[in-house]
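Enquirer:
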Amino acid sequence: QMMKFAWDNYKQYALGKNELRPLTRNGHIGNMFGGLRGATVIDALDTLYIMELEEEFQEAKQWVEKSFDLNVNGEASLFEVNIRYIGGLLATYYLTGEEVFRSKALELGEKLLPAFNTPTGIPRGVINLGSGMSWSWGWASAGSSILAEFGTLHLEFLHLSELSGNPVFAEKATYPVSLSPPQVMNIRRVLNRVEKPQGLYPNFLSPVTGSWVQHHVSIGGLGDSFYEYLIKSWLMSDKKDSEAKKMYDDALEAIEKHLVKKSAGGLTYIAEWRGGILDHKMGHLACFSGGMIALGAEHGPEQRRQRHRQLAAEITSTCHESYARSDTRLGPEAFRFDAGSEATATRLSERYYILRPEVVESYMYLWRLTHEPKYRNWGWEVVQALEKHCRVDSGFSGIRDVYTTTPTHDNMQQSFFLAETLKYLYLLFCEDDVLSLEDWVFNTEAHPLPINHTDSKA
Numbered sequence: 102q103m104m105k106f107a108w109d110n111y112k113q114y115a116l117g118k119n120e121l122r123p124l125t126r127n128g129h130i131g132n133m134f135g136g137l138r139g140a141t142v143i144d145a146l147d148t149l150y151i152m153e154l155e156e157e158f159q160e161a162k163q164w165v166e167k168s169f170d171l172n173v174n175g176e177a178s179l180f181e182v183n184i185r186y187i188g189g190l191l192a193t194y195y196l197t198g199e200e201v202f203r204s205k206a207l208e209l210g211e212k213l214l215p216a217f218n219t220p221t222g223i224p225r226g227v228i229n230l231g232s233g234m235s236w237s238w239g240w241a242s243a244g245s246s247i248l249a250e251f252g253t254l255h256l257e258f259l260h261l262s263e264l265s266g267n268p269v270f271a272e273k274a275t276y277p278v279s280l281s282p283p284q285v286m287n288i289r290r291v292l293n294r295v296e297k298p299q300g301l302y303p304n305f306l307s308p309v310t311g312s313w314v315q316h317h318v319s320i321g322g323l324g325d326s327f328y329e330y331l332i333k334s335w336l337m338s339d340k341k342d343s344e345a346k347k348m349y350d351d352a353l354e355a356i357e358k359h360l361v362k363k364s365a366g367g368l369t370y371i372a373e374w375r376g377g378i379l380d381h382k383m384g385h386l387a388c389f390s391g392g393m394i395a396l397g398a399e400h401g402p403e404q405r406r407q408r409h410r411q412l413a414a415e416i417t418s419t420c421h422e423s424y425a426r427s428d429t430r431l432g433p434e435a436f437r438f439d440a441g442s443e444a445t446a447t448r449l450s451e452r453y454y455i456l457r458p459e460v461v462e463s464y465m466y467l468w469r470l471t472h473e474p475k476y477r478n479w480g481w482e483v484v485q486a487l488e489k490h491c492r493v494d495s496g497f498s499g500i501r502d503v504y505t506t507t508p509t510h511d512n513m514q515q516s517f518f519l520a521e522t523l524k525y526l527y528l529l530f531c532e533d534d535v536l537s538l539e540d541w542v543f544n545t546e547a548h549p550l551p552i553n554h555t556d557s558k559a
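Per our numbering, residue 102 is the first one in the sequence shown, and the count goes up by one each step.
(1) Answer with buried or exposed for K489, where buried requires no fewer than 16 other C-beta atoms within 10 angstroms of its C-beta.
(2) Per DSSP, what are the beta-bridge partners of A177 in this structure?
(3) Kindly give me the distance between the Cβ atoms of H359 and W374, rounded to whole angstroms, as I take these residues to be in contact under 8 angstroms.
(4) Mind checking which residues open and close the beta strand (DSSP E) that includes E373?
(5) For D511, I'd like the list of residues in its chain whose CB is within less than 8 angstroms of its CB, leaving aside the five on either flank, ordered along the chain.
(6) Pull up the DSSP beta-bridge partners for L497, would you.
(7) Classify I378 as buried or exposed, calling it buried when 16 or more other Cβ atoms lie within 10 Å of its own Cβ.
(8) Given a threshold of 16 other Cβ atoms within 10 Å of its Cβ, counted over all protein chains shown, does V535 qualify as buried or as exposed?
(9) In whole angstroms, what separates the C-alpha of L146 from that of V361?
(10) Span of the alpha helix (DSSP H) holding M383?
(11) For H409 versus G397, is the C-beta spacing smaller than 8 angstroms?
(12) Going by DSSP, what residue range makes up the alpha helix (DSSP H) through N183?
(13) Taking H129 as part of the beta strand (DSSP E), name the residues at either end of that continuous run.
(14) Counting C-beta neighbours from all protein chains within 10 Å, is the total for S557 16 or more, i.e. buried, or is it exposed?
(15) Could you work out which residue in N229, E357, I552 and V309 is closest to G135 when comparing CA atoms only?
(16) Looking at C-beta atoms only, is the number of pairs between the segment 480 to 495 and the segment 515 to 534 that lie closer than 8 angstroms three or more?
(17) For F118, which three-state DSSP category applies?
(18) Which residue from M465, P458, K475 and M513 puts its Cα closest to that of E521?
(19) When DSSP labels each residue in this structure, what does T471 get in the three-state scheme?
(20) For the beta strand (DSSP E) containing Q299, list its first residue and its last residue.
(21) Are the Cβ atoms of G244 and S237 separated by less than 8 angstroms?
(22) Can you give the Cα-Cα distance for S537 and L336, rounded to whole angstroms?
(23) Hey, could you find the ends of the beta strand (DSSP E) A435 is sitting in?
(24) Quick check on K524: does DSSP put it in helix, strand or coil?
(25) Touch check for the segment 247 to 267 and the segment 326 to 346: three-plus C-beta pairs under 8 angstroms?
(26) Put I378 into one of helix, strand or coil per three-state DSSP.
(27) Using the C-alpha atoms, what's the distance from S418 back to R406?
(28) Identify whether H554 lies in helix, strand or coil by the three-state DSSP scheme.
(29) Buried or exposed, going by whether 16 or more other CB atoms sit within 10 Å of the CB of W240?
(30) When the Cβ atoms of the segment 199 to 210 are set against those of the segment 291 to 307, are three or more pairs found closer than 8 angstroms?
(31) Given this structure, state the Cα-to-Cα distance separating Q113 from M104, to the nearest angstrom.
(32) Is the beta carbon of A486 less than 8 angstroms from the beta carbon of L431?
(33) Output the distance between the C-alpha atoms of A271 and S246, rounded to the nearest integer angstrom.
(34) Within a Cβ cutoff of 7 angstroms, which residues of the same chain sit near D540, ignoring the five residues on either side of it in sequence?
(35) Would V318 and S307 qualify as a contact pair, given that the criterion is a beta-carbon distance under 8 angstroms?
(36) Which residues bound the beta strand (DSSP E) around E546?
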């Protein structure tokens, strides 16, 4: 019902724009997608499909067939276009088998390749989809590329290679053993070669020199999905990509050693690291890590499995506390563990909630891996809070302050609300065989990609 409400309002007031502005009942285009349109359509397709909202799915598919134009000029985030558009199109193709989604994904994938033309093969963050020119984000330190951006291409690019029969995508992104070593020194090779401070991966890397630009480490924004894609690359390869597994295990070990902390009140959290000095804050984005660690904990020696299961449960519980300790029962963008405050936002600029999915994402994984009822209960609390504080007359909106029960709305229904937040909530209350974790891996925008069970097909 929530998905249908979000979609119907988008369709009525903003179809073809990137997001719905529900208070003003119009559309928003933004500057992240370089002239591409319909971000909400592409992000919502697979969710509509698995929820069996057939009429709505057909409306979305028709828009893709008739109106989705890839011949655009403008600055696009390589990362955002990859996870939302390529991910959404690939997932919908695998779910439905309909050719239009495959061909659009491949056509768009081709347009992203020039971003990799750098001395190291580490792509730049921004690309003009028309001219193929690429550059680094103005705000990123000294023209660097961002770990979570260039580290979050593997899953999609492997599928692009497989579907197109063109190894170039995989060469750019990763490791396929079957392919000749690429002309560019690919991403993983650069990362394996570069010195890691204390085994940690900083968030900024120069695409020119292949060395770190500053020593800021975070499991939240800027770093987050790099780690997620290591364990998921291994899972998607049917556990054959042992390099990804080793990189994940080593990274998690360094994180456990240097960043995992316990607050005075007994809450486990993952701090950020700035050149050796810890910043005792955790972003909402970092709350995906409970689910990731639980997923990774299923595989490995028993002692480590137990430890990681425990860690995953504790982090997820801390993220639940960030919701439980707010008046709206929704969590802030970032929360701190200092000066006597725990799991709460102390800065005004961190008190907003923009319909983010990471906390319910972890609830979904922990439910599926443990079947402890509390995870469904916690998910239901979120459903009720969203209905109470984020539903407006014409859609759902983020709120500017989770600590007031009369919140101001931000007038934005993010496309990831339909792609991720509502999908993970739905899956939390589904049977485990709906998009089973045995057969599917979710990209970082919750778009399901099939696990390559080569043996079973033989």
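Cβ coordinates follow ideal geometry from the N, Cα and C atoms, glycine included.
Please read all numbers here as calculations on a predicted model, not as lab measurements.
Expert: Based on what the coordinates show:
(1) Translated into the one-based positions of the sequence shown, residue 489 becomes position 388. So K489 ends up on the exposed side.
(2) Numbered from its first residue, the sequence shown carries residue 177 at position 76. Partner(s): F134 and I228.
(3) Counting from 1 along the sequence shown, the entry for residue 359 is found at position 258. Counting from 1 along the sequence shown, the entry for residue 374 is found at position 273. So it is a contact: roughly 6 angstroms between Cβ atoms.
(4) Counted from its first residue, the sequence shown places residue 373 at position 272. E373 to R375 is the span of the beta strand (DSSP E), which, as asked, contains E373.
(5) Position 410 of the sequence shown, counted from the start, is the residue given in the question as residue 511. If we look at D511 and ignore the five residues flanking it on each side, its Cβ neighbours are Y453, I455, S498, G499, I500 and R501.
(6) Mapped onto the sequence shown, residue 497 falls at position 396. Per the sequence shown, the amino acid found at residue 497 is Phe instead of Leu. Answer is R492, bridged to F497.
(7) Translated into the one-based positions of the sequence shown, residue 378 becomes position 277. I378 should be labelled exposed.
(8) Numbered from 1 along the sequence shown, position 434 holds the residue referred to as residue 535. V535 comes out exposed.
(9) Indexing the sequence shown from 1 puts residue 146 at position 45. Indexing the sequence shown from 1 puts residue 361 at position 260. The C-alpha of V361 is placed about 37 angstroms away from the C-alpha of L146.
(10) Counted from its first residue, the sequence shown places residue 383 at position 282. Element bounds for M383: not the alpha helix (DSSP H) but the beta strand (DSSP E), K382 to G384.
(11) Position 308 of the sequence shown holds residue 409. Position 296 of the sequence shown holds residue 397. Contact: yes.
(12) Translated into the one-based positions of the sequence shown, residue 183 becomes position 82. Where N183 is concerned, there is no enclosing alpha helix (DSSP H), given that its DSSP letter is neither H nor E.
(13) Counted from its first residue, the sequence shown places residue 129 at position 28. Annotation for H129: the continuous beta strand (DSSP E) segment containing it runs N127 to H129.
(14) Position 456 of the sequence shown holds residue 557. Only weak support is given to the placement of S557: the predicted model assigns it a pLDDT of 43, under 50, and the value that follows is read from those uncertain coordinates. Exposed is the call here.
(15) Working through the sequence shown from its first residue, we reach residue 135 at position 34. Closest by alpha carbon: N229.
(16) Yes, the segment 480 to 495 touches the segment 515 to 534.
(17) Here residue 118 corresponds to residue number 17 of the sequence shown, with the count starting at 1. For the sequence presented, residue 118 should be read as Lys rather than Phe. Three-state result, K118: coil.
(18) Residue numbering aside, residue 521 sits at position 420 when the sequence shown is read from its first letter. Distances from the alpha-carbon of E521 to those of M465, P458, K475 and M513 put P458 closest.
(19) In the sequence shown, the residue the question calls residue 471 occupies position 370. Correct three-state label for T471: helix.
(20) Position 198 of the sequence shown, counting from 1, holds the residue named residue 299. Per DSSP, Q299 belongs to no beta strand (DSSP E) and is neither H nor E.
(21) Locating residue 244 in the sequence shown gives position 143, where the first residue counts as 1. Locating residue 237 in the sequence shown gives position 136, where the first residue counts as 1. Yes. Within cutoff.
(22) Looking up residue 537 in the sequence shown gives position 436. Looking up residue 336 in the sequence shown gives position 235. Between S537 and L336, the C-alpha separation is close to 13 angstroms.
(23) Numbered from its first residue, the sequence shown carries residue 435 at position 334. Segment A435 to D439, the beta strand (DSSP E) holding A435.
(24) The count along the sequence shown starts at 1 and reaches residue 524 at position 423. Correct three-state label for K524: helix.
(25) When C-beta atoms of the segment 247 to 267 are compared with those of the segment 326 to 346, three or more pairs fall below 8 angstroms, so the two segments count as touching.
(26) Stepping through the sequence shown from its first residue, residue 378 is reached at position 277. Reduced to three states, the DSSP call for I378 is strand.
(27) Numbered from its first residue, the sequence shown carries residue 406 at position 305. Numbered from its first residue, the sequence shown carries residue 418 at position 317. Between R406 and S418, the C-alpha separation is close to 18 angstroms.
(28) Along the sequence shown, one-based indexing puts residue 554 at 453. Per DSSP, reduced to three states, the secondary structure at H554 is coil, with no helix or strand assignment.
(29) Taking the first residue of the sequence shown as 1, we reach residue 240 at position 139. Counting Cβ neighbours within 10 Å, W240 comes out exposed, since fewer than 16 surround it.
(30) Segments in contact, no.
(31) Taking the first residue of the sequence shown as position 1, residue 113 is located at position 12. Taking the first residue of the sequence shown as position 1, residue 104 is located at position 3. Spanning the two alpha carbons is a distance of roughly 14 angstroms.
(32) Within the sequence shown, numbered from 1, the residue matching residue 486 stands at position 385. Within the sequence shown, numbered from 1, the residue matching residue 431 stands at position 330. In this structure, A486 lies near L431, with their beta-carbon atoms less than 8 angstroms apart.
(33) Taking the first residue of the sequence shown as position 1, residue 271 is located at position 170. Taking the first residue of the sequence shown as position 1, residue 246 is located at position 145. Separation of A271 and S246 (C-alpha to C-alpha, rounded to the nearest whole angstrom) is 19 angstroms.
(34) Position 439 of the sequence shown, counted from the first residue, corresponds to residue 540. If we look at D540 and ignore the five residues flanking it on each side, its Cβ neighbours are P551 and I552.
(35) Position 217 of the sequence shown, counting from 1, holds the residue named residue 318. Position 206 of the sequence shown, counting from 1, holds the residue named residue 307. The Cβ atoms of V318 and S307 do not sit closer than 8 angstroms to each other.
(36) Against the sequence shown, residue 546 aligns to sequence position 445. No beta strand (DSSP E) holds E546; DSSP gives it neither H nor E.
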